[in-house]
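Residue numbers (the working numbering): 1 to 304.
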Amino acid sequence: MTSSDQPGTPTASGDAEPLLEARDLNVAYGGVVALRDVSVTIRPGEVLGVIGPNGAGKTTFFNVACGFVRPDSGTISWKGRPLEQHRPHDLAGLGIGRTLQGLGLFHRMTVLENVMVGADRHARTGFLAGLLALPRGHRDERALRERALAALEELGIAREAGRLPESLPYPVRKRVALARAIVGEPELLLLDEPASGLSNAETDELGELIADLRRHRSVMLVEHHMDLVMAVCDRLVVLDFGRVIASGRPDEVRSDPAVLAAYLGESSESRTPPPATPAPTPGTPPAPGTPPAPAKGVEHARGA
């Protein structure tokens, strides 16, 4: 199935140079393959969904894109420039914002201060300099505060600016994390399971929010909630056992036989994964370049 844009979505351009491009990514943990020859592109102005059954490789792909995981082979490029050694702290400077399943909020800082951290790329002296009242930091702190308040206002939670995150309901905390991701004005927003923990009504609100956010940026979301991705995404990439099995418009993917088999046909236990690299014999040193296996957790091995 070929990739194409969602009809009636004028902001997504199939002819534009990709913002983020992954080519032939391979990741293995010990002898278990998490990604195999995965290629994905994200174009300006589009919303891309990465979906798949549990253990399909979605989280591994997200972690490679964010710089948490180094691929064994393959490349990640940003605006045509290879990202050979990028790390999560490099993303904001590149123009990429992200949210994580764990939110990662600072519980002893107010909502406003948490969001100000995400705007630090716009400060000359830095957010920490403002907090420590260092010379020339006061004006930057005021500018960061204004940016953070505007982001909170955009997401409808400005009234919570002075509260601590732990005092807020989980859905509101998720919006705080999202505000921190967008306050730096990224060109690409990466969302890891943004609908997790939300009710159906809250998920509908999230869909409206994503539709609004995409006016100023591209969005890639890794998500299990099928109603959400079908409603908001221009294109979908479907992973199963670490491979891309389909990509295209939501209406195309919905009826793809490989996707139906992955989700509705054979169970994940009965389906046969692709052959994995044999694990080394106990006591035998791993081959050069082989990443260490996770300490525990099948989910990490299969890539969630």
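All C-beta atoms in this analysis are idealised placements derived from N, C-alpha and C, irrespective of residue type, glycine included. Small disclaimer: the values here were computed from a predicted structure and weren't measured.
* To do: Identify the continuous alpha helix (DSSP H) that holds glycine 93 and give its terminal residues.
  => Here residue 93 is taken as the residue at index 93 of the sequence shown, counted from 1. Secondary structure note for glycine 93: its alpha helix (DSSP H) is the uninterrupted segment 91-94.
* **Exposure label - asparagine 54; buried when at least 16 CB within 10 Å** => Here residue 54 corresponds to residue number 54 of the sequence shown, with the count starting at 1. In this structure asparagine 54 is exposed. Its beta-carbon is surrounded by fewer than 16 other beta-carbon atoms within 10 angstroms.
* For valine 183, which of helix, strand or coil comes out of DSSP? -> To locate residue 183, count along the sequence shown from 1; it is residue 183. Coil.
* Close Cβ partners of glycine 52 (< 6 angstroms) along its chain, the five nearest in sequence each way excluded -> Looking up residue 52 in the sequence shown gives position 52. In chain order, Lys58, Val238, Leu239, Asp240 place their CB closer than 6 angstroms to the CB of glycine 52, counting only its own chain and leaving out the 5 sequence neighbours on each side.
* For glutamate 17, name the three-state secondary structure that DSSP assigns. => For the purposes of this step, residue 17 is taken as residue 17 along the sequence shown, with counting starting at 1. Coil at glutamate 17, not helix or strand.
* To do: Let me know the beta strand (DSSP E) ranges lying completely inside the region 54-106, each 3 residues or longer, listed in chain order.
  => With a minimum length of 3 residues, the continuous beta strand (DSSP E) runs that stay inside the region 54-106 are 73-78, 96-99.
* Rounded C-alpha distance that separates isoleucine 96 from valine 219 -> Start at 1 with the first residue of the sequence shown, and residue 96 comes out as number 96. Start at 1 with the first residue of the sequence shown, and residue 219 comes out as number 219. Straight-line Cα distance between these residues: approximately 10 angstroms.
* Within 10 angstroms of the Cβ of proline 71, are there 16 or more other Cβ atoms? Answer buried if so, exposed if not. => As a first step, residue 71 is located in the sequence shown; it is residue number 71 there, counting from the start. It counts as buried.
* Would glycine 242 pass as a contact of alanine 22 if the rule is Cβ separation under 8 angstroms? -> By one-based count along the sequence shown, residue 242 stands at place 242. By one-based count along the sequence shown, residue 22 stands at place 22. Note that the C-beta distance between glycine 242 and alanine 22 is not below 8 angstroms.
* Near arginine 87, which residues of its chain fall below 6 angstroms by C-beta distance, leaving aside the five closest residues on each side in sequence? -> Here residue 87 refers to the residue found at position 87 when the sequence shown is read from its first residue. Here the set comprises Gly67.
* Asked: Less than 8 angstroms separating the beta-carbons of leucine 190 and phenylalanine 62?
  -> Here residue 190 corresponds to residue number 190 of the sequence shown, with the count starting at 1. Here residue 62 corresponds to residue number 62 of the sequence shown, with the count starting at 1. Yes, the pair counts as a contact, with Cβ atoms nearer than the cut-off.
* **Residue environment, glycine 80, which counts as buried when at least 16 other CB atoms sit within 10 Å** => On the sequence shown, position 80 is the one that residue 80 refers to. Per the 10 Å Cβ criterion, exposed.
* **Residue environment, arginine 108, which counts as buried when at least 16 other CB atoms sit within 10 Å** => To locate residue 108, count along the sequence shown from 1; it is residue 108. The residue in question, arginine 108, is exposed, as its Cβ has fewer than 16 Cβ neighbours within 10 Å.
* To do: Would you kindly report the start and end of the unbroken beta strand (DSSP E) that includes arginine 235?
  => The count along the sequence shown starts at 1 and reaches residue 235 at position 235. Segment 235-240, the beta strand (DSSP E) holding arginine 235.
* State buried or exposed for leucine 260, treating a residue as buried only when at least 16 other CB atoms are found within 10 Å of its CB. => By 1-based counting over the sequence shown, the position of residue 260 is 260. Under this definition leucine 260 is an exposed residue.
* Return yes when the Cβ of glycine 49 is within less than 8 angstroms of the Cβ of cysteine 233, no when it is not. => Taking the sequence shown and counting its residues from 1, the one referred to as residue 233 is at position 233. Taking the sequence shown and counting its residues from 1, the one referred to as residue 49 is at position 49. Cβ atoms of cysteine 233 and glycine 49: closer than 8 angstroms.
* To do: Can you tell me the Cβ-Cβ gap for proline 165 and valine 176, rounded? I've got them flagged as a contact below 8 angstroms.
  => Sequence index remark: in the sequence shown, residue 165 carries index 165 (1-based). Sequence index remark: in the sequence shown, residue 176 carries index 176 (1-based). Indeed they touch by this definition, with Cβ atoms about 6 angstroms apart.
* To do: Grab the span of the beta strand (DSSP E) containing alanine 119 for me, first residue to last.
  => As a first step, residue 119 is located in the sequence shown; it is residue number 119 there, counting from the start. Careful: alanine 119 lies outside any beta strand (DSSP E) and carries neither H nor E.
* Looking at the unbroken beta strand (DSSP E) that takes in arginine 254, where does it start and where does it end? -> Locating residue 254 in the sequence shown gives position 254, counting from the first residue. In the DSSP assignment, arginine 254 falls outside any beta strand (DSSP E) and lies within the alpha helix (DSSP H) extending over 250-254.
* Does the beta-carbon of aspartate 227 have 16 or more other beta-carbons within 10 angstroms, so that it is buried, or is it exposed? -> Here residue 227 is taken as the residue at index 227 of the sequence shown, counted from 1. The residue in question, aspartate 227, is exposed, as its Cβ has fewer than 16 Cβ neighbours within 10 Å.
* Asked: Grouping DSSP H, G and I as helix and E and B as strand, with all else coil, what is methionine 220?
  -> The residue given as residue 220 occupies position 220 in the sequence shown. Under the three-state reduction of DSSP, methionine 220 is assigned to strand.
* Measure the Cβ-Cβ separation of threonine 110 and alanine 161 and say whether it is below 8 angstroms. => By 1-based counting over the sequence shown, the position of residue 110 is 110. By 1-based counting over the sequence shown, the position of residue 161 is 161. In this structure, alanine 161 lies closer than 8 angstroms to threonine 110 by Cβ.
* To do: Name the two residues that bound the continuous beta strand (DSSP E) containing isoleucine 42.
  => Along the sequence shown, read from residue 1 onward, the residue named residue 42 stands at position 42. It spans 32-42 - the beta strand (DSSP E) in which isoleucine 42 sits, taken as one unbroken run.
* Asked: Are the beta-carbon atoms belonging to leucine 100 and arginine 145 less than 8 angstroms from one another?
  -> Residue 100 sits at position 100 when you count from the first residue of the sequence shown. Residue 145 sits at position 145 when you count from the first residue of the sequence shown. No, these two residues do not count as a Cβ contact at 8 angstroms.
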